[in-house]
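> Let me give you the structure first, and then I'll get to my questions.
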Amino acid sequence: MSKTVSEIIASLKGKKDLRILFVCLGNICRSPAAEEVFRQVVASRGQLDEWTIDSAGTGRWHIGQLPDNRMRIHARRRGFELTHHCRQVKEADFDRFDLIIGMDSGNLSDLHSIAPTPEAEDKIVPMADFITMATRYDHIPDPYYEGAEGFELVLDLLQDACENLYSQLTSR
Ligand code: 4NP
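The numbering used here numbers the first residue of the sequence shown as 721 and each following residue consecutively.
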C-alpha cells in the first residue's frame, strides 16, 4: 500500500543531506520559484550546504530557458533571484531525490506515470499539502495565462508552504 504524505515526511525527518525536487508543468514559473523560495528558507537556517534543492518540468517546451520574465520580476521584488535553467523531469530523478513535490494534480499524475517503481511513487507529494494560510486553493495554480495577481498568489502560497515544509522536515 502506498504511503501517506505524513508517513513520507516522517520517514525523512532529521535526515541529513536531504534532496528535494519541485515539479510543475513548464518549469519556468511555479517550480523554479519554489526552488528559490525553499533555498532561502534553508539558507536562513544555515543548512544550505547539506541540502540538494532543484526543480524540473513535466513538459519540454522551455528546456534550457530561464524562468518566465513575469515570474522573475515578481520574485525579485520579494528578494528571490531566479536563475534556474528549465529541464524536464526524468526517471533518474527518482533515484537522485528523496522527495518530489508536484504543484497541481496534473503534475502529480504525470509524476506517478514516470515513477519506475512503487517505492519511487512513495517520494511524490503535493505542494498544497504544506499550505497553512487561509486560501481556497487546493493546488498551486498555474500563473502562465494569468496576470500579475496570479504570480503574486503563487509566491504567497509558495512562501507559506516552503516554511511549513521545512519545519515539518526538521522538527523533532
Ligand atoms: P509552470 O507554468 O508550469 O508554473 O512553469 C507554465 C509555463 C509554461 C506553460 C504552461 C505552464 N506552457 O504551456 O508553455
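Note that the Cβ used here is the ideal one computed from N, Cα and C, for glycine as well.
Just so you know, these numbers come straight off a predicted model, no measurement behind them.
Measure from the alpha carbon of Ser825 to the alpha carbon of each residue in Arg807, Ile860, Thr803 and Lys810, then state which is nearest.
Position 105 of the sequence shown, counted from the start, is the residue given in the question as residue 825. If we check each option's Cα against that of Ser825, Ile860 comes out closest.
> Which residues in the same chain as Asp849 place their Cβ atom closer than 6 Å to its Cβ, once the five residues preceding and following it in sequence are excluded?
Translated into the one-based positions of the sequence shown, residue 849 becomes position 129. Result list for Asp849: Val725, in chain order.
> What is the residue span of the alpha helix (DSSP H) that Cys882 lies within?
As a position in the sequence shown, residue 882 is number 162, starting the count at 1. Element bounds for Cys882: Ala868 to Thr890.
> With DSSP as the reference, label Ile783 as helix, strand or coil.
Along the sequence shown, one-based indexing puts residue 783 at 63. The three-state secondary structure of Ile783, taken from DSSP, is coil.
> Just checking my contact of Met791 with Ala753 at CB under 8 Å: how many whole Å lie between their CB atoms?
Within the sequence shown, the letter at position 71 stands for residue 791. Within the sequence shown, the letter at position 33 stands for residue 753. Indeed, because the Cβ distance is near 6 Å, the residues count as touching under 8 Å.
> Judging by CA-CA distance, which residue of Asp880, Arg892 and Thr890 is the nearest neighbour of Val757?
Within the sequence shown, numbered from 1, the residue matching residue 757 stands at position 37. Nearest C-alpha to Val757: Asp880.
> Using the C-alpha atoms, what's the distance from Tyr886 back to Val762?
For the purposes of this step, residue 762 is taken as the residue at position 42 of the sequence shown. For the purposes of this step, residue 886 is taken as the residue at position 166 of the sequence shown. Approximately 7 Å between the Cα atoms of the pair.
> Let me confirm a value: Ser764 is counted as buried when at least 16 other C-beta atoms fall within 10 Å, else exposed. Which label applies?
One-based indexing of the sequence shown puts residue 764 at position 44. So Ser764 counts as exposed.
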